[in-house]
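Residues 5 to 230 (the UniProt record's numbering) make up the sequence shown, in order.
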Amino acid sequence: TPMIEARDLRMVYNQGTDPVLALDNVNLDVNEHEFVSLVGPSGCGKTTLLKLVSGLASPSAGHLNVDGKRVSGPQKKIGFVFQVPALMKWRTIQQNVLLPAEILGMRKAEALERAQELIELVGLKGFEKRYPHELSGGMQQRVGIARALIHDPSILLLDEPFSALDIMTRGQLNLELLRIWSERRKTSLLITHSISEAVFLSDRVVVFSARPAKVLEVVQIPLPRP
Ligand code: ADP
Ligand code: ADP
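Below is the structure:
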């Protein structure tokens with residue numbers, strides 16, 4: 005069975021007063037270890053889909069299974085990388101990476117060991133005791149990636165993780181993400197406005213198209229992987 009299975013997924017915000025149809029009958033399967041990119045115009049519902057997969061919001065209708073189970077509420081299986089990493093400035097890099105581990109109550113020794121491993125994986129060895137303001141934007145985003153992986157999630161959700169960065173840093177982080185992904189093989193869903201980024205990183209690109217009525221269409225393009 006697929007790791008993520010969406011069937012006739014529908015999401016309406018402000019039901020009743022001023023309804024916004026964000027997702028209309030979305031069908032999507034993502035297999036374990038697959039890297040899928042979501043592209044489409046602003047406001048077409050990409051972030052909404054990630055919120056539903058992560059359990060931060062519930063669909064208005066349809067079915068959504070993650071790892072064979074119906075999604076209900078926030079899930080430990082998910083790691084989320086945001087557009088801006090929103091690091092806590094009074095916490096060191098190591099303490100920032102450890103934050104989800106603390107929230108989820110992971111054993112401290114195990115969490116510390118994983119944090120060190122991940123900090124090295126994202127190329128920040130030596131920066132453990134530094135503070136976010138001492139790091140460049142690209143480095144901060146790498147901290148965000150390490151933080152998303154600390155609890156060993158089976159799924160990694162990335163919402164335009166590099167869009168705030170300059171083009172060189174972005175290109176470098178694309179390479180890094182591909183390397184990290186090929187080591188860990190998390191089932192990944194990436195939102196991006198860059199088709200080349202989508203093609204470079206993913207096994208499949210899912211194209212969302214907005215319509216006047218905000219109805220969604222999902223077209224899946226299989227790509228050969230290098
Ligand atoms: P995308 O990520 O593709 O830019 P979003 O999923 O953020 O799109 O938004 C899809 C649509 O739903 C947009 O029209 C947006 O304004 C609307 N929307 C998103 N979140 C909310 C919300 N919490 N309440 C009301 N409308 C929302
Ligand atoms: P994106 O970068 O995906 O386009 P937005 O800037 O559209 O994100 O939205 C940022 C946040 O505001 C999201 O959490 C989204 O759910 C929320 N949001 C977007 N549109 C609305 C809306 N019309 N009403 C309430 N919340 C909204």
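Quick reminder that beta carbons are idealized off the backbone N, C-alpha and C, glycines included. All values reported here derive from a predicted model rather than from experimental measurement.
Nearest candidate by alpha-carbon position, reference residue i, set the options
| i | options | result |
| --- | --- | --- |
| Ile8 | Val75, Asn29, Val24, Pro45 | Val75 |
| Leu182 | His197, Leu169, Ala168, Leu160 | Leu160 |
| Lys55 | Asp71, Ser41, Glu38, Ile82 | Ile82 |
| Arg151 | Pro6, Gln98, His137 | Gln98 |
| residue 319 | Ala65, Tyr17, Ala61 | Given a span of 5 to 230 for the chain in the structure shown, any question on residue 319 remains unanswerable. |
| Ala115 | Val126, Leu128, Val101 | Val101 |
| Pro78 | Arg189, Asp12, Met15, Pro104 | Pro104 |
| Ala61 | Ala90, Thr96, Asn18 | Asn18 |
| Thr84 | Ser198, Leu162, Pro63 | Position check: residue 84 holds Phe in this sequence, whereas Thr was assumed. For the residues Ser198, Leu162, Pro63, the minimum Cα distance to Phe84 belongs to Leu162. |
| Leu153 | Pro136, Ile184, Leu128 | Ile184 |
| Leu205 | Arg11, Leu42, Asp12 | Leu42 |
| Pro136 | Arg95, Lys112, Phe166, Arg14 | Arg95 |
| Glu187 | Phe39, Asp12, Leu13, Ala26 | Phe39 |
Any non-hydrogen atom of ligand 1 closer than 7 Å to residue i Cβ
| i | result |
| --- | --- |
| Val57 | no |
| Asn29 | no |
| Val24 | yes |
| Ser46 | yes |
| Gly49 | yes |
| Asn35 | no |
| Tyr135 | no |
| Thr52 | yes |
Cβ-based burial, residue i [other Cβ within 10 Å; buried from 16]
| i | result |
| --- | --- |
| Pro216 | Low local confidence applies: a pLDDT of 34 at Pro216 is under 50, so the model's placement there is unreliable, with the coordinate-based value given in what follows. By the neighbour-count rule (16 or more Cβ atoms within 10 Å), Pro216 is not buried but exposed. |
| Gln144 | buried |
| Gly130 | exposed |
| residue 4 | No statement about residue 4 is possible, as the shown extent of the chain runs from 5 to 230 and does not include it. |
| Leu179 | exposed |
| Glu201 | buried |
| Ile199 | exposed |
| Lys93 | exposed |
| residue 243 | Past the edges of the chain, shown from 5 to 230, lies residue 243, and the structure says nothing about it. |
| Lys73 | exposed |
| Arg208 | buried |
| Ala113 | exposed |
| Ala10 | buried |
| Lys190 | buried |
| Lys50 | buried |
| Ser140 | exposed |
| Ser192 | buried |
C-beta neighbour in chain C for residue i, strict 8 Å
| i | result |
| --- | --- |
| Val24 | No chain C appears in the structure shown, which is made up of a single protein chain. |
Residue i beta carbon near ligand 4 (any heavy atom closer than 7 Å)
| i | result |
| --- | --- |
| Asn18 | The model depicted lacks ligand 4 and carries ligand 1 and ligand 2 instead. |
Three-pair Cβ contact test at 8 Å for the stretch 45 to 60 versus the stretch 98 to 117: Below 8 Å, too few C-beta pairs join the stretch 45 to 60 and the stretch 98 to 117 to call them touching: fewer than three.
The stretch 172 to 181 contacting the stretch 17 to 25, beta-carbon criterion three pairs below 8 Å: No: fewer than three Cβ pairs fall under 8 Å.
Cβ contact check for the stretch 109 to 125 and the stretch 33 to 51: 3 or more pairs under 8 Å: no
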